[in-house]
Amino acid sequence: MQIEFTVNGKMYNLTVSPTLRLIDLLREELGLTGTKEGCGEGECGSCTVIINGKAVNSCLVLASQIRGQEILTIEALETDGLDKLQESFIKNSAVQCGFCTPGMLMSAKALLMKNPTPSEEEIKTAIAGNLCRCTGYNKIVQAIKEAAE
Amino acid sequence: MDKDYKYVGRTFPIHDAEQKVNGSLQYLSDMSLPNMLYAKLLLSPIAHAHITNIDTSKAEALPGVVRVFTHLNTPAKTYSRYRIVPDQEFCLEDERLLTEKARFVGDRIAVVVAVSKEIATRAIDLIQVDYAELRVLNTPEKALEEQADKIHSAGNLLHEFEYKIGEIDFAENCVEVETLTNTQKVHHAAMEPHVCLADYDSSGKLTLWAACQGVFGVRTVVADLLELSYNKVRVIKVPMGGSFGGRQEIIFEPLTAFLAKEVKRPVKLTLTREETIISTMTRPATSSRVRTLVNQDGRLVDCRVDTVLDAGAYATSSIDNTYVMAKKICKLYRIPYYEHRGKTVYTNTPVAGGARGWGAPEIMTALEIHMDAVAKGLGIDLIEFRLLNLIHPYDLDKTSEISLGNARVRECLLKGAETFSWSEKFHRWNIAPNQGRFRRGVGLACAAHKNGMYGGFPEHSTMTLKMNEDGSFILNTGLHELGCGTITSITQIVAEVLDIDPKFITTLEADTENGPYDFGSYGSRVTYICGACAYEVSQRVREKVLECASQIFHTPIESLENGAGRVWVRGDEQHSLSYREIATTAKLKYNTDIVLTHTYHGTSNPGAYAVHFAEVEVDTATGRVQVKDYLAAHDIGKAINPGMVEGQIQGAVQMGIGYALYEEIKVKTDGSILSRSLKNYHVLNAPDMSEVRILLIEEGGDKGPYGAKSIGEIAFVPVAAAVVNAVNNALGTSLSNLPLTPEKIIAALNARRDVSGMRYE
Chain A
1 MQIEFTVNGK MYNLTVSPTL RLIDLLREEL GLTGTKEGCG EGECGSCTVI
51 INGKAVNSCL VLASQIRGQE ILTIEALETD GLDKLQESFI KNSAVQCGFC
101 TPGMLMSAKA LLMKNPTPSE EEIKTAIAGN LCRCTGYNKI VQAIKEAAE
Chain B
1 MDKDYKYVGR TFPIHDAEQK VNGSLQYLSD MSLPNMLYAK LLLSPIAHAH
51 ITNIDTSKAE ALPGVVRVFT HLNTPAKTYS RYRIVPDQEF CLEDERLLTE
101 KARFVGDRIA VVVAVSKEIA TRAIDLIQVD YAELRVLNTP EKALEEQADK
151 IHSAGNLLHE FEYKIGEIDF AENCVEVETL TNTQKVHHAA MEPHVCLADY
201 DSSGKLTLWA ACQGVFGVRT VVADLLELSY NKVRVIKVPM GGSFGGRQEI
251 IFEPLTAFLA KEVKRPVKLT LTREETIIST MTRPATSSRV RTLVNQDGRL
301 VDCRVDTVLD AGAYATSSID NTYVMAKKIC KLYRIPYYEH RGKTVYTNTP
351 VAGGARGWGA PEIMTALEIH MDAVAKGLGI DLIEFRLLNL IHPYDLDKTS
401 EISLGNARVR ECLLKGAETF SWSEKFHRWN IAPNQGRFRR GVGLACAAHK
451 NGMYGGFPEH STMTLKMNED GSFILNTGLH ELGCGTITSI TQIVAEVLDI
501 DPKFITTLEA DTENGPYDFG SYGSRVTYIC GACAYEVSQR VREKVLECAS
551 QIFHTPIESL ENGAGRVWVR GDEQHSLSYR EIATTAKLKY NTDIVLTHTY
601 HGTSNPGAYA VHFAEVEVDT ATGRVQVKDY LAAHDIGKAI NPGMVEGQIQ
651 GAVQMGIGYA LYEEIKVKTD GSILSRSLKN YHVLNAPDMS EVRILLIEEG
701 GDKGPYGAKS IGEIAFVPVA AAVVNAVNNA LGTSLSNLPL TPEKIIAALN
751 ARRDVSGMRY E
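Protein chains in written order, with the UniProt record's numbering: chain A, 1 to 149; chain B, 1 to 761.
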């Protein structure tokens with residue numbers, strides 16, 4: 001099927017299989033491998049992207065569902081240099097193995113786009129769907145808090 | 001320890017942080033090669049069965065399928081996934097590429113190689129396997145029954161040992177306490193599922209890009225199995241999404257390498273989360289009965305432990321894992337007589353193996369739950385009782401006769417208790433417990449681990465440090481970055497010795513072809529052993545730089561000083577030479593290359609220590625436990641990179657709370673696995689997670705670089721016991737069967753009510 005959509009500000013018009021998942025479209029068709037697959041069932045959040053301002057697990061979305069939608073991936077977070085969130089993750093040692101980091105950043109970004117001054121509870125809720133096995137979340141929460149300040 | 005260092009002791013981000021935050025870092029799962037094929041596994045749905053027939057004809061006929069393999073067309077040769085070095089002891093060769101008999105749900109039955117993942121997956125469904133089912137032995141008890149079927153031909157008892165040390169004291173009036181603690185199989189849950197990528201080129205060379213903890217171990221297993229000489233197998237460490245011991249052993253590399261060699265094209269095997277949970281490795285399930293005699297003064301007189309470890313369907317590292325459980329207790333407490341019997345048993349369950357802490361979390365959980373029970377039985381304060389028995393600095397490790405070094409566990413306990421406000425909390429919650437629905441309690445646990453493998457295994461590491469013509473440096477190593485910040489801390493050590501900005505140092509990871517030898521990243525050996533190697537090779541290169549400078553200045557070395565990447569004659573800093581000038585002059589004028597290779601040999605193995613304190617709140621209506629406050633006190637010697645050290649500890653606490661309360665790979669009596677995905681395997685998320693306060697005791701005194709000791713494994717060791725003890729203190733229970741799920745907590749509360757005859761509303 002033919003679909004038109006935008007990824008990171010760039011328009012695409014592609015023919016895709018109706019069973020293709022968004023994560024595969026991003027990683028395999030568009031080469032955007034910053035979006036990671038950790039579970040394939042929406043439990044770990046490693047594949048989080050932003051669709052029309054909302055953080056979404058791209059493994060649970062079919063490519064056919066993104067017709068006309070605007071998608072942001074981790075590759076778009078850096079514009080004129082690193083985003084404040086990215087800088088804050090680095091500064092706060094919130095990055096270890098880094099596999100959850102893109103998804104974590106996209107969930108945090110979606111939060112800050114809607115709510116520029118979230119409380120600690122709101123931050124934790126926003127990343128509740130993003131699992132991290134390295135950091136224990138303390139430094140991630142701190143990094144998001146600092147980026148919001 | 002007061003010296004103000006420029007780079008050591010300061011927080012730096014992990015070396016590839018920028019690539020990680022912008023998504024540009026290529027993990028193994030992101031890599032692909034031209035002409036690459038995809039492999040997909042058929043895993044056994046049956047826990048114990050003979051395979052009577054396999055029909056692959058339909059799968060082979062599917063367009064796009066290149067080859068299909070089963071035990072019928074792969075080598076029957078067996079190997080051990082645990083082997084690092086050829087001829088290593090206790091590496092039972094009981095596994096083959098594809099099995100002729102199903103030994104657990106998840107055993108490798110067949111593999112398809114195809115032009116796409118989709119076709120490979122479709123082909124798997126077309127393979128017809130007939131099984132003749134056998135009785136499923138899903139617990140060590142069943143496997144050890146006399147009439148039980150043999151999972152492997154040698155029988156189900158893999159190994160047993162008895163270990164006795166010290167003098168039996170027939171002291172009178174001792175109190176005897178016995179506890180039984182069960183720990184469960186858990187999933188490492190590294191965020192990146194397992195992936196393998198191999199290529200076999202036209203020159204007959206096999207290359208593996210490996211997300212692993214030890215490239216040389218991978219080479220040993222793969223080359224020996226495929227009968228290739230080691231120079232024809234190249235293993236390159238590539239970025240990985242976490243490990244925690246789950247990538248120590250050589251699980252899928254042999255099969256992927258075999259496939260690439262057969263089809264003579266690159267082959268990639270990517271596991272799903274479900275496949276990673278059931279068919280890679282788990283933390284072993286253990287059962288430890290601890291019995292101690294304590295005299296009237298509260299001192300331990302005698303400690304006897306019986307451990308049974310469930311190895312799962314293949315031996316892998318389980319014999320060593322059981323054995324090391326007997327080597328931990330005497331690192332923590334002074335015990336006149338110590339006895340430990342261990343049994344390692346095959347079962348029809350997922351394969352156990354290396355997992356963060358390697359036996360220490362299992363035995364320390366049992367020990368520290370026991371110590372609380374003893375103190376309560378004697379009516380002695382929990383901290384007092386431990387202080388009476390904890391080891392002292394420079395005590396000998398009774399089991400190895402090696403010094404425990406500057407062991408500061410007592411400070412961890414005392415300072416940690418003070419920082420945590422233990423007494424206040426203990427009296428508030430534990431002495432006068434709240435009788436309402438939500439009950440709070442505090443618990444603590446001490447823990448000991450090690451620094452490297454000295455005393456039990458060879459221990460050395462080799463590195464090459466070269467100075468470039470512009471005065472920058474390249475350190476070639478056999479290191480593996482697992483996400484802990486290894487590369488950064490090693491670079492900080494080199495920078496400190498050479499007094500140069502770390503940005504002018506590149507530290508390379510392991511590559512069997514282009515790099516020096518190292519055993520790998522496990523055994524809490526990286527900072528202590530590899531870090532010491534980095535320190536010594538940097539010292540030697542610094543001497544060489546000064547030798548060159550002394551030639552240039554026509555001055556003896558003793559009169560030279562250096563700092564900030566420059567060298568000068570004492571008192572004449574104005575006329576200093578930059579490292580660039582020295583390196584270039586060395587080449588042009590003195591025909592000298594500044595490069596050195598150094599092998600460091602470990603000659604010590606001090607203890608690494610921690611004491612953790614947890615405050616929990618238990619909802620007695622639902623059985624849910626929430627950790628409300630947490631403090632981790634660590635005897636680390638010296639924190640090279642404090643920010644990353646804190647991250648290691650906080651991450652370990654996340655994992656440990658899960659171990660105590662939620663995480664379990666549940667196997668039913670028929671061997672089927674209930675926890676097959678992250679939907680029903682609960683990994684703590686951000687709202688579940690407590691803040692973790694950290695107290696570092698940095699007293700140095702041992703042979704690690706700048707006095708540093710290990711952190712990544714020890715940080716996990718006391719967590720479960722601290723949390724379980726807190727729950728028991730909150731409820732007045734004696735739970736010791738992990739994980740403390742809501743069902744178990746409710747059952748314990750009900751049992752207590754039945755005993756006391758009181759009703760709870």
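Every residue gets a Cβ at the ideal spot worked out from N, C-alpha and C, and that includes glycine.
Source: prediction; values computed, not measured.
Beta-bridge pairing of residue i - partner residues as DSSP gives them
{"i": "B:M463", "result": "B:H598"}
{"i": "B:Q626", "result": "B:E617"}
{"i": "B:Y79", "result": "B:E95"}
{"i": "B:C446", "result": "B:V611"}
{"i": "residue 766 of chain B", "result": "This structure cannot settle anything about residue 766 of chain B, because the visible part of chain B is limited to 1 through 761."}
{"i": "A:M104", "result": "DSSP, once it has assigned bridges, lists no residue as partnering A:M104."}
{"i": "B:W568", "result": "B:E561"}
{"i": "B:I402", "result": "B:D397"}
{"i": "A:T48", "result": "A:N57"}
{"i": "A:E70", "result": "A:T6"}
{"i": "B:L390", "result": "B:Y333"}
Residue i - containing beta strand (DSSP E), residue span
{"i": "B:E411", "result": "No beta strand (DSSP E) holds B:E411; the alpha helix (DSSP H) holding it covers V409 to F420."}
{"i": "B:D302", "result": "L300 to G312"}
{"i": "B:R108", "result": "R108 to A114"}
{"i": "B:L508", "result": "I505 to E509"}
{"i": "B:E581", "result": "Counting along the chain, B:E581 falls outside any beta strand (DSSP E), though it belongs to the alpha helix (DSSP H) covering Y579 to L588."}
{"i": "B:L498", "result": "Where B:L498 is concerned, there is no enclosing beta strand (DSSP E), although the alpha helix (DSSP H) it sits in stretches over T486 to L498."}
{"i": "B:L41", "result": "L37 to L43"}
{"i": "B:N53", "result": "A49 to D55"}
{"i": "B:I338", "result": "For the record, residue 338 of chain B in the displayed sequence is Tyr; it is not Ile. Y337 to Y346 is the span of the beta strand (DSSP E), which, as asked, contains B:Y338."}
{"i": "B:R693", "result": "R693 to I697"}
Per-residue burial, residue i [other beta carbons within 10 Å of its own, 16 or more giving buried]
{"i": "A:A147", "result": "buried"}
{"i": "A:M106", "result": "buried"}
{"i": "B:A154", "result": "exposed"}
{"i": "B:S675", "result": "buried"}
{"i": "B:Y590", "result": "exposed"}
{"i": "B:A722", "result": "buried"}
{"i": "A:M1", "result": "exposed"}
{"i": "B:T220", "result": "buried"}
{"i": "B:Y394", "result": "exposed"}
{"i": "B:F252", "result": "buried"}
{"i": "A:G68", "result": "exposed"}
{"i": "B:P34", "result": "exposed"}
{"i": "B:A313", "result": "buried"}
{"i": "A:F89", "result": "buried"}
{"i": "A:L112", "result": "buried"}
Cβ-Cβ distance between residue i and residue j below 7 Å
{"i": "residue 150 of chain A", "j": "A:S46", "result": "Since the first residue shown for chain A is 1 and the last is 149, residue 150 of chain A is missing from the structure and cannot be characterised."}
{"i": "B:E713", "j": "B:H460", "result": "no"}
{"i": "B:M453", "j": "B:R525", "result": "yes"}
{"i": "B:A375", "j": "B:V290", "result": "no"}
{"i": "B:L309", "j": "B:T322", "result": "yes"}
{"i": "B:R81", "j": "B:T276", "result": "no"}
Range of the contiguous alpha helix (DSSP H) that encloses residue i
{"i": "B:E664", "result": "From DSSP, B:E664 is part of no alpha helix (DSSP H); its letter is neither H nor E."}
{"i": "B:D372", "result": "A360 to L378"}
{"i": "B:E547", "result": "G531 to F553"}
{"i": "A:K124", "result": "E120 to A126"}
{"i": "B:V65", "result": "Note, B:V65: premise wrong, no alpha helix (DSSP H); beta strand (DSSP E) at V65 to F69."}
{"i": "B:I319", "result": "S318 to M325"}
{"i": "B:F473", "result": "Here B:F473 belongs to no alpha helix (DSSP H); instead the beta strand (DSSP E) covers F473 to L479."}
{"i": "B:K328", "result": "Unbroken run through B:K328: none, as it is neither H nor E."}
Exercise for review: Could you tell me which uninterrupted alpha helix (DSSP H) segments, each at least 4 residues in length, are contained entirely in the segment 116-187 of chain B, listed from first to last along the chain?
Suggested key: 117-125 and 140-143
Practice item. List in chain order: all unbroken alpha helix (DSSP H) runs of 4+ residues lying wholly within the segment 234-286 of chain B. Key: 253-263 and 273-279
Check your understanding: What are the uninterrupted segments assigned as alpha helix (DSSP H) that are 4 or more residues long and contained completely in the segment 187-234 of chain B, given in chain order?
Key -> 215-226
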